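Enquirer: Residue numbers (the numbering used here), protein chains in the order written: chain A, 1 to 302; chain B, 1001 to 1613.
Where a beta carbon is used, it is the ideal one built from N, C-alpha and C, also for glycine.
Just so it is clear, the structure is predicted and the values come from calculations on it, not from any experiment.
Got a structure for you, questions after.
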Amino acid sequence: MMLLMAGPLIQNDLLRRLEQLELLARRRVRSSLKGERRSKARGQSVEFADHRNYVAGDDLRYLDWNLFGRLDRLFLKLYEEERELPLSIFLDASESMTFGKPVKFDFARQVAAAMGYVALCGFDRVTVDVFPENTEETAIRQSLRRVRGKKSALQFFRNLGQLNAGGDCRLNEALKKGALQAKQSGVAIVISDFMDPEGYEEGLRALLGRGFQVQVLMVLAREELEPSVYGDLKVVDSENSSTQEVTFGKYRLKAYQKTVNAYLEQFKNFCRMRGIGFNLTPSDSDLDQLLLTDLRKAMLWK
Amino acid sequence: MNFLNTSAFWFALALPVVVVFYLLKRKRKVQVVASSMLWKKFLAETQASAPFQRLRHHWLLIFQLLMLALAVIALGRPFFAGEVSKGGLLVVIMDTSASMQSVDVSPSRMDVAKQNAKDLIDTLGNSDQMMILAAGRQTQVLQSATSEKNALKRAIDTIQVSDTSTYLLDAFKLAQTLTKNQEYAEVHLFSDGAASDLNEFEPEDLNVHYHPIGSRGHNVGIVSMDVRPNPDDASTRAIFAGIVNYSTNRQDVIVELKWKDQVIEARPLALEPGSTDSQAFIAPQEENGIFTLQLNAEDDLSVDNQASVVSLLPKPVRTLLVTRGNRFLEKALNATRNIELAVADQYTESSPEADLVVLDDVIPLTWPAGNVLAIHVTSTNWFPEVSAVESPIIVDWKAAHPMMRFVQLDDVQIAESLGVKTPDWAMSVVESTTTPLILAGEPDGRRAVWVGFDTLQSTWPLRVSFPIFIANAVAWLNPSTAQAAMVNVRTGDALVATIDEEESAGILKMELPNGESADLETVPDSSQVVFGDTSKQGVYRLLNGTNEVWFASNLIDPSESDNGPRTELNLGGFNQTALEGQQRANLEMWRWLLFAALCVLMFEWWYYHKRTA
């Protein structure tokens, strides 16, 4: 197999195992470009789909001679057209993703790289939509769009590795824009910490409305789940610099976790009701475990 | 409102310290987080709405200041003088009777009463005055009216519990006198309520507060003891004792009879709750001595577990009957046990010496010096005036008097009697509608019984009651009986000893039950010495040169032995006023202030955590 210089993003042996995976589409793809996925369109492939009556002008090569012999009538064999499955990865590169140990953004782009690689191996088109916009990285971000083919993987990884995170999240805006811009719907994966005060509902609805099969991957730092800083705190928000005075102690940890769990539960419910796949993964969790076990279970790929 | 401890206000200097704490800026650690969204959600769930954010600090400050102020005021020990602000007089009556020795409350009822009295002293206002009375056999004023609390407490400390019965009547009467012209007065009684003499007391408008002491009645006690000649065998003595269990469960006790401190008999007794056990012991006696009963029982009150009786050997009563002829009387006297009877028709100075002279309607030439049974004669100095009463009808007799034991006078008619008024020295034993018929008393230091009518002018000699009465009278007039009564007294009663002036050594010595001794000075030209301090139970010995006289002082009081605390006292015979345990109204308030401070502290704690939640 080809050995990619994946750099620090993904270990080679993981890549090798990823190559064996295949993205699962719950519906037949609607892409207009040829690929390796079954689609509703009829065309050229080896998969027989249906018969229809011959009309003058049809290609004689597709006549079913066996039927003609038995019924003395001319039928044409139809084959399924195989099209590509576009994979859109919405990658949150806001300031809040720069936190955590390991940094949430690093973890997020590793996951993005792995998913992209799975799609590339499956000859599917991959678009990584990085938000919020960053004018300095326009070129890199542009080159992460509509990547296809396994040969592009090295460049794809390199581009991912060069991304920098910063700025306000604005998740809804980014997802809505992505939904509008997509030429074909397909699988949409949203990788973010979903730490946007404005919420996530609108953006996810927009993706669903466009016909995407949406998978949510929530990346949180361990510190956000179980804060270890106690005492009289002045909490400063990294994105909008708003401050909040908190007196926090070990005895209040449970109350905090209750709040977080309630928030997550609400999110999960939102997703479950709309057929959105949901995965919560702390940034210090095992990448192999996530990719090879958890996402498999989530029926993202097999 | 007054303050007992104004120096505590120095603690108010702590108030500015709290303000300084708030002037100091609170240092917060700056913590940059990815997003404060979760924190805000977290705070929103436990925090009050935002508008009070700025005020909150002040509220906490105010709470803390309030709490501290309350604590400081509490330390100042404020109290409301209440209704006695005009300045009232409090009379404290401390019961020092034997039952206050009970140890059902630790260390003893007396100590608890003292402590309660001291607590009461602490509640005195500046304008209040208090005086302290110790109600023993004699009521003592331990501290005259004063506002000086230390002096009052010292007076309380000097109180000693005695072995006497409860005598609250005198103390109440004294208190009534003392508070008569006071604008506001209270009488505070610290007692266990074992008082039997208060029925005669009319409290009128006396403001009495009763502080009951004691928690339970758990006692076995000797409530009666008597030594008599054994009717079956004149050489032995019969000792009768009544033992009562006043506790609520069965008591197993051992009662020991001692003769001159030697145990001569011991009996185990099982006493049911509330039951009385009468025991009779027979013991030989060859000389004068002391019988002591000792009760080995584990109870709260030990003083009634012992009783002593001085028993003197009976001597024949030398009796001189002076009569013009009265066969009934002579026969009745002859039938009396233990008597040496002589009969004469006139009493003169040369008459034979007699312990007892019976004057039957004969006016003696000289009045006998010893005990006298005077029938239808009077000594000139006994009554101021004497009249005659026709056919007096007997309406009442004192059945409890030893002379009237087993004597019934229902069927006695009298033709004529002398009419007198009951003098101070005697008590009326038998009464008619107009005049006392039989008087008994002790004029001029000897015993005398006066019968106002001629027995031959009545149907009495024909009745059974006549010889019984004569026998009783001889027994009562027997000088040794009188002596026995004098040597066996109740605790608190004075000991009276007759001494020969020639034999007197000038200074006599009295040995007390606790081993100490006291000197007694004889009064010139007096044949008696009196010793008053008999508040301790036990045997007293009077040493007069080589002579020795024993006295026994006993509690022997069922109402003291029944030491269960009474929660109310009955005052007045008919118009009963129950005194219940009461507390003085003007209590100190520091407890409530401290409680309020604690509440504020807890509220503040809750508020703080609500704020920082």
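(1) For residue 1528 of chain B, which residues from the same chain have a beta carbon less than 8 Å from its beta carbon, with the 5 sequence-adjacent residues on both sides left out?
(2) Does chain A have any CB closer than 8 Å to the CB of residue 1115 of chain B?
(3) Hey, could you find the ends of the alpha helix (DSSP H) residue 1474 of chain B is sitting in?
(4) Taking the alpha-carbon of residue 1305 of chain B as reference, which of B:1182, B:1554, B:1011 has the nearest alpha-carbon?
(5) Do you know whose CA, among B:1191, B:1193, B:1173, lies nearest residue 1202 of chain B's CA?
(6) Roughly how many angstroms lie between the CA atoms of residue 1086 of chain B and residue 1182 of chain B, to the nearest whole one?
(7) Considering just the uninterrupted stretch of the alpha helix (DSSP H) at residue 269 of chain A, what are its terminal residues?
(8) Pick from A:209, A:73, A:171, A:138: whose alpha carbon is nearest that of residue 197 of chain A?
(9) Indicate whether at least one CB of chain B lies closer than 8 Å to the CB of residue 259 of chain A.
(10) Going by alpha carbons, who is nearest to residue 1603 of chain B out of B:1061, B:1518, B:1468?
(11) Measure how close the beta-carbons of residue 1136 of chain B and residue 1561 of chain B come, nearest whole angstrom, since I'm counting them as under 8 Å.
(12) For my contact list, residue 18 of chain A and residue 126 of chain A are in at a C-beta cut-off of 8 Å; report their separation, rounded to the angstrom.
(13) Taking residue 1610 of chain B as the query, report the chain A residues whose CB atoms sit under 8 Å from its CB, ordered along the chain.
(14) What does residue 216 of chain A touch in chain B if you count any residue whose Cβ is under 7 Å from its own?
(15) Taking the alpha carbon of residue 1424 of chain B as the reference point, which residue from B:1413, B:1440, B:1431, B:1175 has its own alpha carbon closest?
(16) Could you name the residues of chain B that residue 244 of chain A contacts, counting a contact when the two beta carbons are closer than 7 Å?
(17) Which stretch, first to last residue, makes up the beta strand (DSSP E) that contains residue 1182 of chain B?
(18) Straight-line CA distance for residue 1309 of chain B to residue 1257 of chain B?
(19) Who are the neighbours of residue 231 of chain A on chain B, taking C-beta pairs under 7 Å?
(20) Determine the direct distance from the alpha carbon of residue 1163 of chain B to that of residue 1491 of chain B, and round the result to whole angstroms.
(21) Between residue 1278 of chain B and residue 1377 of chain B, what straight-line distance do the alpha-carbon atoms span, to the nearest angstrom?
(22) Taking CB distances under 8 Å as the criterion, tell me whether residue 263 of chain A reaches chain B.
(23) Residue 1542 of chain B by DSSP, collapsed to three states: which one?
(24) Would residue 1314 of chain B and residue 1229 of chain B be called neighbours here (beta carbons separated by less than 8 Å)?
(25) For residue 1103 of chain B, which residues in chain A fall below 9 Å Cβ to Cβ?
(26) When you compare the CB of residue 221 of chain A with every CB in chain B, is at least one pair closer than 8 Å?
(27) Identify every run of the beta strand (DSSP E) within the stretch 1142-1226 of chain B, keeping only runs that are complete inside it and at least 3 residues long; order them along the chain.
(28) Looking only at its chain, what residues have a beta carbon closer than 8 Å to the beta carbon of residue 1100 of chain B, apart from the 5 residues adjacent to it on each side?
(29) Between residue 250 of chain A and chain B, is there a C-beta pair that is closer than 8 Å?
(30) To the nearest angstrom, how far is it from the Cα of residue 1540 of chain B to the Cα of residue 1551 of chain B?
(31) Counting contacts by CB-CB distance shorter than 8 Å, is residue 1049 of chain B in contact with chain A?
(32) Quick one: is residue 159 of chain A buried, meaning 16 or more other Cβ sit within 10 Å of its Cβ, or exposed?
(33) The stretch 184-195 of chain A: which residues have C-beta closer than 7 Å to a C-beta of chain B, in chain order?
(34) So which residues of chain B does residue 197 of chain A contact, with C-beta pairs closer than 7 Å?
(35) By Cβ distance, which residues of its chain are closer than 7 Å to residue 1063 of chain B, with the 5 residues on each side in sequence left out?
Expert: So, from the data block:
(1) 1445, 1496, 1497, 1498, 1499
(2) no
(3) 1465-1477
(4) B:1554
(5) B:1173
(6) Residue placement at residue 1086 of chain B is poorly supported in this model, since its pLDDT is 48, which falls under 50; the coordinates are not used for a value here.
(7) 253-273
(8) A:171
(9) yes
(10) B:1061
(11) Residue 1136 of chain B to residue 1561 of chain B, Cβ: 18 Å. No contact.
(12) Going by Cβ atoms, the distance from residue 18 of chain A to residue 126 of chain A rounds to 13 Å, so no, they are not a contact pair.
(13) What residue 1610 of chain B touches in chain A: nothing, since even the nearest Cβ is about 11 Å away.
(14) Going along chain B, no residue has its Cβ under 7 Å from residue 216 of chain A, so there is no contact; the nearest lies around 17 Å.
(15) B:1440
(16) 1036, 1039, 1040, 1043
(17) That residue, residue 1182 of chain B, is in no beta strand (DSSP E); it is neither H nor E in DSSP.
(18) 11 Å
(19) 1029
(20) 6 Å
(21) 43 Å
(22) yes
(23) strand
(24) yes
(25) None at all; the shortest Cβ gap to chain A is about 51 Å.
(26) yes
(27) 1185-1191, 1208-1212
(28) 1108, 1109, 1110, 1113, 1161, 1191, 1192, 1213
(29) no
(30) 5 Å
(31) At residue 1049 of chain B the pLDDT is 43, less than 50, meaning the model places this residue with poor confidence; the figure from the coordinates comes in the next sentence. Taking Cβ atoms only, chain A never reaches closer than 8 Å to residue 1049 of chain B, which makes this a no.
(32) buried
(33) 193, 195
(34) 1037
(35) 1600, 1603, 1604, 1607
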